[in-house]
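Here is the structure we will look at.
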Amino acid sequence: MEPSRILLAVGGGIAAYKVPELVRALIAQGHSVRCVLTEAAAQFVSPLVLQALTGEAVRRALLDVSEEGEIDHIRLADQSDLVLVAPATADLMARMAHGLANDLVSAVLLATQAPVLVAPAMNVNMWNHPATQLNLELLRERGVLRVGPDAGELACGWEGLGRMAEPAAIVAAANRALSSGSMSDQRVLVTAGGTTEPIDTVRGITNRSSGKMGFAVAAEAARRGAEVVLIAGATSLPTPEAVRRIDVGTALEMRAAVLEELECASVVVKAAAVADFRPREAADRKIKKESLESDAISLELVRNPDILQEVCQRKGTRIVVGFAAESHDVIEAARRKIRRKGCDLLVANDVSRADSGFSADSNAVLLITPDGAVEDVSLRHKTEVASHILDRVEKIRGERNA
Ligand SMILES: Cc1cc2nc3c(=O)[nH]c(=O)nc-3n(C[C@H](O)[C@H](O)[C@H](O)COP(=O)(O)O)c2cc1C
0 MEPSRILLAV GGGIAAYKVP ELVRALIAQG HSVRCVLTEA AAQFVSPLVL
50 QALTGEAVRR ALLDVSEEGE IDHIRLADQS DLVLVAPATA DLMARMAHGL
100 ANDLVSAVLL ATQAPVLVAP AMNVNMWNHP ATQLNLELLR ERGVLRVGPD
150 AGELACGWEG LGRMAEPAAI VAAANRALSS GSMSDQRVLV TAGGTTEPID
200 TVRGITNRSS GKMGFAVAAE AARRGAEVVL IAGATSLPTP EAVRRIDVGT
250 ALEMRAAVLE ELECASVVVK AAAVADFRPR EAADRKIKKE SLESDAISLE
300 LVRNPDILQE VCQRKGTRIV VGFAAESHDV IEAARRKIRR KGCDLLVAND
350 VSRADSGFSA DSNAVLLITP DGAVEDVSLR HKTEVASHIL DRVEKIRGER
400 NA
C-alpha cells in the first residue's frame, strides 16, 4: 500500500474520543494525516492533541483570515488522496447530502475531488430516522464510501446500530478506498438476480432474489478498476457505473450468456438465484382459466442445468465464487456444496433471517473455502459485504501469483 495524504474531517460526536487512536493507526500505515474539525468536534477532542500527533496545523474555521492564509480550504480539498470523515455525525452527513458549505469541513467536502469515506456514529434512533437513511442513500448514489456503524451498546445508553467502526476497520476501509485500481488487470463476470421460468406468455416461476448483492459486487469490482460484465436476471436495479450489463430471463438464457462471456473472465462471481427447475413446456399463449377442465392444474418441472458446476468444470486459472442460499444447517450445507461444485470461495446466506439475504439492503454471510474454513462476516450493508468478498478474491489471486 503506497503512503497517501489523508484529510481526516472530524465531526462533533462522542466517538471523536477515538480519533487520536485512529490518527496513530493511519500514521502507522505510512499515511500522512491532516485534521480538519467542525466547531462541535473541537468540544469532543483536543485540536492540540491532533496537531501533536499529525505534526500538521489543525484547521476548524472557514472565515478566519489567519487560518485561511496558512492553507486555504480549496488547497485542503485538492491536496488529499482521500477525505475520511470520522465520526460522521447525522448533521454533517445531512450537510454533505444537500451540498451545504457553511463551515470549513462541509466546504472542503463539497470542493474535494478525492474519494470520500464516512464512518458514521450516532444514537440508534438518529441512525434509523428516515432523514438520515435518505441522506445516506443520496451519499451512496454519489459514490461516497462508508464503513460501519457497528451494532452494540452506545454511549447514550441505547443498544443498536450507531457505534463508530473500530479504528482498525476504518484503516482497512481507507486502504481499500485508496487502492481503487487494485483489480485493473482483472475481467470480472458477475451474475445477479433471479431467473424467471415461463409457464405461459404472461406467467412464470421466479424467486425473491432482488439482485442487490450481485449488483454491489459488480459496482465494487468496477470501482477497483476491473472490466466488469454483469448478467442480470429479473431486477429493477440501475446498472452500476462502468459496468457492461446483459439482461436475461430464463436459466437457459443465463447459462448461454455466462458460457459466452466466460472465455474472457479471470474472476466469476455467481450471485444469481438460478431456478433449479423449469416447466417442461411453456404455453405459447396465455392459459385461460375457462379452458381448464378442473380447478387444479399440474405443471411438470424439469431440472435446469447447473451453471456453477459447468463454470467450475471449465475453471482453468479463473477464480470462481459461488453463492448458497440456505435456510437451515447453513455451514454444513455450504461445506458440502463447495466440495461438490469445486469453486474457490462460497458465500453462504442464511435466508431465514429477515434482516439479511434476498431483498434486504444488508447481509450477514459466511465465507467458506475449499478446506472447510469459515469466516463469519457479520451483518453489514451489501456494498461492504461485496468489498469483503473481493478482498478475499484479491487475496487468492495474490497467493496464486506469489
Ligand atoms: C454529548 C453529545 C454527544 C453527541 N454525540 C453525537 C453523535 O454521536 N452523533 C451525532 O450525529 N451527533 C451527536 N451529537 C450532536 C452533534 O454534536 C450536533 O448535531 C452537532 O451540530 C454536530 O455538528 P457537526 O456535524 O458540525 O460536527 C452529540 C451532542 C452532544 C451534546
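At position 179 of the sequence shown the residue is numbered 178 (our numbering), and the sequence of numbers has no breaks. Ideal Cβ placement from N, Cα and C applies to all residues, glycine included. These figures come from a predicted structure and were not determined experimentally.
If you compare alpha carbons, which of the options is closest to residue i?
i      : options                        : result
Cys263 : Arg302, Arg313, Val247, Val216 : Arg313
Asp71  : Arg59, Val82, Asp80            : Arg59
Leu144 : Arg223, Cys155, Ala347         : Arg223
Ile26  : Pro119, Ile169, Asn122, Asn124 : Ile169
Asp370 : Thr234, Glu196, Arg339, Ala271 : Arg339
Pro237 : Ser178, Ile395, Gly213, Arg202 : Gly213
Val307 : Arg279, Glu325, Ala270         : One detail in the question is off: residue 307 reads as Leu in this sequence, not Val. With distances taken between Cα atoms, Leu307 lies closest to Ala270.
Ala93  : Arg74, Val64, Trp126, Arg33    : Trp126
Arg207 : Val216, Gln50, Thr195, Thr88   : Thr195
Ala347 : Thr53, Asn400, Ala272          : Ala272
Identify the residues that DSSP records as bridge partners of residue i: which are they?
i      : result
Asn362 : Arg379
Asp149 : Arg162
Phe276 : Arg302
Ala233 : Gly193
Lys269 : Thr190, Gly321
Leu81  : Ile5
Arg244 : Leu229
Val117 : Val84, Arg145
Glu374 : Leu366
Ile204 : Glu196
Leu36  : Val9
Hey, could you find the ends of the alpha helix (DSSP H) residue i is sitting in?
i      : result
Val64  : 64-69
Ile73  : 72-77
Asp283 : Per DSSP, Asp283 belongs to no alpha helix (DSSP H) and is neither H nor E.
Ser105 : 103-110
Val48  : 46-53
Arg23  : 18-27
Val216 : 211-222
Arg402 : This structure cannot speak to residue 402, because the chain is shown only from 0 to 401.
Any chance the CB of residue i is under 7 Å from a heavy atom of ligand 2?
i      : result
Ala120 : For ligand 2, the structure offers nothing, since it holds only ligand 1.
Which residues bound the beta strand (DSSP E) around residue i?
i      : result
Pro239 : Per DSSP, Pro239 belongs to no beta strand (DSSP E) and is neither H nor E.
Asp349 : 344-349
Any 3 or more C-beta pairs closer than 8 Å across the segment 280-290 and the segment 220-235: Contact between the segment 280-290 and the segment 220-235 is absent, because fewer than three Cβ pairs lie under 8 Å.
Cβ pair count under 8 Å reaching 3, the segment 357-376 against the segment 178-192: Segments in contact, no.
Three-pair Cβ contact test at 8 Å for the segment 292-302 versus the segment 329-346: Taking 8 Å as the limit for Cβ pairs, the verdict is that the segment 329-346 does not touch the segment 292-302.
Meets three-Cβ-pair contact criterion under 8 Å: the segment 173-186 and the segment 152-161: The count of Cβ pairs closer than 8 Å, one atom from the segment 173-186 and one from the segment 152-161, stays below three, leaving the stretches out of contact.
Segment contact, 8 Å Cβ cut-off, at least three pairs: the segment 39-59 with the segment 112-122: Under the 8 Å Cβ criterion, the segment 39-59 does not count as touching the segment 112-122, having fewer than three qualifying pairs.
Contact between the segment 171-180 and the segment 74-88 (3+ Cβ pairs under 8 Å): Short answer: they touch.
Inter-stretch contact (C-beta, 8 Å, three-pair minimum) for the segment 158-166 and the segment 9-17: Output reads yes: the segment 9-17 touches the segment 158-166.
Inter-stretch contact at 8 Å, needing at least 3 Cβ pairs: the segment 117-134 / the segment 28-35: Taking 8 Å as the limit for Cβ pairs, the verdict is that the segment 28-35 does not touch the segment 117-134.
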